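Using my numbering, you'd call the opening residue of the sequence shown number 496 and step up by one each time.
Ideal placement from N, C-alpha and C gives every residue a C-beta, glycine not left out.
These numbers come from a predicted model, not from an experiment.
Working notes, structure below.
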Amino acid sequence: NSGERSFNALGVVGKLEELTRDYLDSVDGILTARDRALGTQIDLQQKRIEDFNDRLLARQQVLQNQFAAMERALANLQRQQSALASLQAAG
Numbered sequence: 496n497s498g499e500r501s502f503n504a505l506g507v508v509g510k511l512e513e514l515t516r517d518y519l520d521s522v523d524g525i526l527t528a529r530d531r532a533l534g535t536q537i538d539l540q541q542k543r544i545e546d547f548n549d550r551l552l553a554r555q556q557v558l559q560n561q562f563a564a565m566e567r568a569l570a571n572l573q574r575q576q577s578a579l580a581s582l583q584a585a586g
């Protein structure tokens, strides 16, 4: 078994050093690669959040405009109701 031969040839300390290098190498270590992958995922999620916030703000503006138009229409209807009530009371 090559794993056993490698382990026996390196010894415990040598094998630990090799494993440490595999994990901690700043260029292609396991932890470095994982850190890069997580960084990429964080960047992608941040972009998705920003895009979603932009869509929410646009939707909020549309709803506020619709609400303002509804309030104007309601005020107009209330004026018409008052005018009709005045005409009815006078007639």
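Identify whether residue i lies in helix, strand or coil by the three-state DSSP scheme.
{"i": "V522", "result": "coil"}
{"i": "G509", "result": "helix"}
{"i": "G586", "result": "coil"}
Determine whether the beta carbon atoms of residue i and residue j lie at a separation below 7 angstroms.
{"i": "D517", "j": "I525", "result": "yes"}
{"i": "T515", "j": "S521", "result": "no"}
Determine, for residue i, whether the minimum Cβ-Cβ distance to residues of chain C falls below 7 angstroms.
{"i": "A563", "result": "Structure shown: chain C not included; a single protein chain is present."}
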